[in-house]
Structures are given as structure tokens and as C-alpha cells.
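**Q**
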Amino acid sequence: MKQLLFLIIISINGFSQQRPNIIYIMSDDHDNDAISAYNKSLIKTPNIDRIANEGMLFTNAFVGNSICSPSRATLLTGQHSHKNGVKNNSTKFDSSRSTMPKILKQAGYQTAVIGKWHLHSYPSGFDYWKILPGQGLYVNPRIIEMTGDTITQEGYATDVITDETIKWLEQRDQTKPFMLLLHHKAPHRYFFPKLNHLEEYHKKTFAEPLTLYVDTINKGAAWNIQTMSILRDMQLCSDLKVDPAYLMDIPAYKPDSTQILYYNAIFRRVPAEQRNRYKEIYAERGKLLQQLKPTGNELLKYKYQWYMQDYLACIASIDENVGRILDYLDQKKMNDNTAVIYTSDQGFYIGENGWFDKRFAYDVSMQTPFIVKWPGKIKAGSINNSLIQNIDNAPTILDIANITIPDWMDGISLKPILTNNEKKLDRKYLYYHYYEFVKDHTVIPHLAVRGERYKLIYFYTVNEWELYDLIADPNEQNNLVKNPTYATIVYALKKELIKLREQYDDHEQAGELH
Ligand code: SGN
Ligand code: CA
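At position 156 of the sequence shown the residue is numbered 137 (my numbering), and the sequence of numbers has no breaks.
(1) What residue range is occupied by the uninterrupted beta strand (DSSP E) comprising L193?
(2) Consult DSSP for F39 and reduce its assignment to one of helix, strand or coil.
(3) Can you tell me whether Q91 is helix, strand or coil according to DSSP?
(4) The alpha helix (DSSP H) that contains K475, what's its start and end?
(5) Please confirm if the stretch 103 to 117 is in contact with the stretch 440 to 460, defined as three or more CB-CB distances below 8 angstroms between the two stretches.
(6) Whether or not the stretch 355 to 362 and the stretch 32 to 39 are in contact is what I'm after, with contact meaning three or more pairs of Cβ atoms, one per stretch, closer than 8 angstroms; do they touch?
(7) I need the straight-line Cα distance from Y439 to H427, nearest angstrom please.
(8) Residues in its own chain within less than 6 angstroms of Y5 by CB, not counting five upstream and five downstream?
(9) For W389, which three-state DSSP category applies?
(10) What's the call for M347, buried or exposed, on a 16-neighbour Cβ count within 10 Å?
(11) Under 8 angstroms from any heavy atom of ligand 2, does the C-beta of I48 make it?
(12) How long is the line joining the alpha carbons of N199 and N205, rounded to whole angstroms?
(13) Do G392 and G66 have their C-beta atoms within less than 9 angstroms of each other?
(14) Taking CB distances under 9 angstroms as the criterion, tell me whether A203 reaches chain C.
(15) So does D326 have its beta carbon nearer than 8 angstroms to some heavy atom of ligand 3?
(16) So what does H427 bridge to, in DSSP terms?
(17) To the nearest angstrom, how far is the alpha carbon of Y472 from that of R434?
(18) What do you reckon, is the C-beta of H414 under 8 angstroms from a heavy atom of ligand 2?
(19) My guess is that D9 and H183 are in contact by the Cβ rule of under 8 angstroms, so how many angstroms apart are they, rounded?
(20) Alpha carbon to alpha carbon, how far is K268 from N318?
(21) Any heavy atom of ligand 1 closer than 8 angstroms to the CB of K339?
(22) Do R305 and T143 have their C-beta atoms within less than 9 angstroms of each other?
Right, here's the structure in full:
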């Protein structure tokens, strides 16, 4: 009897230590406001919402450098950009570094990455990978295989990436737990939807953000220099797919030769049997421009709607494909032992300040969706407002797998709060450092410290500071840095910023902080 009890205890222990599978789904430039679990006014995303309904939704999830390759290097290393070496989109990730997937693989996990990679060196530390070269293509995407060969896979990128993922799930070594990175290309610029979703979304009209028409002049150097304006910088022909034929005779709209090249490159890839229908839908935009010749805010009003129609239709595909993965887990009865994370590489401007793109430490772009389900461990439908950051992703994944987190990672594990929503993270401030200054969007490099209530930003190359009260002014419109009432807050936050730089060993000169 005693022996039987002993055996039962051993097997219960063994079961509880069974290592979970982890599926990390990351899309490219998916803003929180375009997920109905966060915001009901733009789109319904029932499948992404399933993750929230069965798990935990984080309302204060941020990145440390709001741009693609840096965010991906942070996912692999749990480190801020200055430590992992990828500060901008053009730096190659040093694949000899120790990473979260390598550690998992050494511990007996099967590891895979499928989809967008964007780190300029091949994945290492993965048992299996299949990646898009560079930014990737929406239609009939090219795919680099583990042999180094590049093939063309027919179909729409979001579907293709999911098909490939399901194929891998089927053929994986079933005796091992796995960690899979499923990285979508969508809804990244040039926001190209699948035809059935465009059919639906081009008829819709979307609520405008409060700050769509704000005057961004006289708000400081960074606001003046940026080229993120939907009105000025988003291209009718390449971004909004208006046939150049409609634009050539109107000087205000006339596309340059590069934009025409982009337009032709986009449509060349579209299957011949669908091309006419796409063109027919997009011709409505061209006809309207020819007829009304809108300019200024009137033009912005239309461009915003067209942008949202395309962007949100891309997200409809993502949501559908998230549903396919969740259904697969259900069918294979893998739900109970699989943690699923849904996130993006950062937030994205969808009309706030009249902008698109990201990069800034303002909340719209510094924020990212972060939703996790892990049945039996995370209480269904929980919401958590701790300040979390993408440096936490790698430590969290390791901790979910019961693997010790190396001390060189900057982030902390979220497992204690995932498994107990009553717990609070012991963290009051987040560190932010954006570096890249390129002709795409010309955002001035900056440092920032984000607390629960206030955010201090330092555009150090032009020596300009900004302070925002995130409760009184959540849209970050009123820079309080010169207001004497806030002098002590500015002083305290500067100290916090210096402390964070010391804590994370960011010793590179960045203006005059003291
Ligand atoms: C491209 C886009 C930019 C975008 C960067 C970075 N221009 O250059 O709008 O900011 O990628 O995106 S495009 O005309 O080529 O589409 S990121 O996701 O890789 O950071
Ligand atoms: Ca991105």
C-alpha cells in the first residue's frame, strides 16, 4: 500500500512537471487598438480575443526600442538593444550569441521559427526554421529554407505562414515539448489585404482618432522633423494602391517614378484572376480623387479611411489564422499543456497625431499588445496592468519551461503574475532608447523613462526634453517640461533615467543628462 502511494505521488509530481509547449505569435506592426480585446471601436478579432478570454490581457505592455529588428533581437536575448547589439533595422544579429531558443534547445525543447525574421543573419538555436527574406512579401511570398535555398510559396503570406506552421506541428518530434515562434508579416506597410477581406473592409467607415487633425507644428524639433504624416508621407499610389493613371494629371497627387515602380511591383504579384477585382475596388479611390480633388484635412479624411480599410483587412486575416492555430490545439487536445502568447513587435500609429509608423516613445508606438493563455495556470479573463516590457519575453518563456533564467538577461519573468493575478511586479519605471535616424519617417533618436503616471523623453541630439502626464493627457499632447509646477517631477524622472541607464549598463553618450 505504501509503495502504491509512493508511486502515485511520483507520477503526480512527474505530471505536474510535464513541460508545456509554448507558441509565441507575433505580428508585424499590429497596434493594440486594432484588437477588439483592447478596443471595440475598430475591428472584431474574435480569435485573438479567445486568447484574452481564456487567459490574461496586459494593458501596460511596452517595448524598449519601437522598431522591428531591435524588437526581435530583444525577444531572442531578453536584453535591451545596446546589449544585444541590434539598435536599428540594418544591423545583423550576431548569431553566435546565447539566446532564449538556444537555452531551450539545450534543455531538450524542440524549437522552431516560421515567418518574418528580419535579423540579417540566419536563425540559430532552432531545430527548424522557415523565414521570409527581409521584410517579406504579402503575395506568393519568398521563403528561405534551412538549406539556404529561397523558394516561392503560392498564396497570401498570413495563410502561408500558418500553413507552414501547421505542417511543422504535424511533423515535429512528438516526444519533446516545443517552443514555436510564429511571426507574421502583416499588417506591415504596404498593408495589402487578402481579396475576401478587402471586399468586406473597403465598404466600412471607421471612427477617427481624437488627434487625427492636430497641428503638429510648434511642438518641438522631433514633431517637426518626423515624416510619419498620413496626409504628407503616406503614398496614394504605393501605400493606398490607387492606380497611377488616376493621379498623373493632378499635380498635387502625381506619384514619382519610384512610387509607380512600387505600385507595379505590388500588382505584378497578384494572381491574374484576382487582379481585376482588386483594381476595380481600388479604382473607387482613384475616381473619388479625380472627382473631388480633395486637399488638406479633406484629403486626410479619405486617406485615413483607406488606410484603415487596408490595415484592418490585413488584421482580419491574422485573426482568422490565429483561430486556425487555436482550433488545431483543440483538435489535438494540446490545449491544456500549451501556453499561447499573442503580441506584436511594437505598437503602430493608426491616425493618432495624423500619423502612421512607430519609433517614438509615445505610448501609441511604445505600447504593444500582450495576451497570454495557459489553461489551468492562468485564470481565464484576467486583466493585468503591471508595467511590462519586451525584455521580459525571453525570461518569461524560459520560466514557463521551468528553466533557470540567465543573469545576463535584462528582463524579469512574468510567470509569477501570470499564475497569480493578485501579484504586482516590483517595477516602477521602464527604460526606452530609440536610435535609428533614417529617411523613412525621420524620427530623432531619444531616451525615455516611463512611469505609471509620467513619461520623460529626451531627444538628445537636439537637446530637447518632453514631459507628459499620462493620466491627465493620455494622448501626450501637452509637453509640461517647462511648466514650473512640474520641476520636481522632471528632476525626479531625470534621476530615474540615469538610474535605469546604470541598471542596464547603457553607458553610451546620449546628450547631457545631468
Ligand atoms: C520600410 C517601410 C517603412 C518602415 C520600415 C521599417 N517603408 O522601410 O515605412 O518604417 O520598413 O519597418 S516601405 O515603403 O518600404 O514600406 S519595420 O517593421 O521593419 O521596422
Ligand atoms: Ca514592425
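Backbone N, C-alpha and C fix where the C-beta goes; we use that ideal spot for every residue, glycine too.
**A** The short version:
(1) Counting along the chain, L193 falls outside any beta strand (DSSP E), and DSSP gives it neither H nor E.
(2) strand
(3) strand
(4) Segment 468 to 484, the alpha helix (DSSP H) holding K475.
(5) no
(6) yes
(7) 5 angstroms
(8) L162, I322
(9) coil
(10) buried
(11) yes
(12) Going from the Cα of N199 to the Cα of N205 covers about 7 angstroms.
(13) no
(14) Any reference to chain C falls outside this structure, which holds one protein chain only.
(15) Ligands displayed in this structure: ligand 1 and ligand 2; ligand 3 is not among them.
(16) Y415
(17) 15 angstroms
(18) The nearest non-hydrogen atom of ligand 2 is 8 angstroms or more from the C-beta of H414.
(19) D9 to H183, Cβ: 22 angstroms. No contact.
(20) Within the model, the alpha-carbon separation for K268 versus N318 is close to 53 angstroms.
(21) For K339, the distance from the CB to the nearest heavy atom of ligand 1 is below 8 angstroms.
(22) yes
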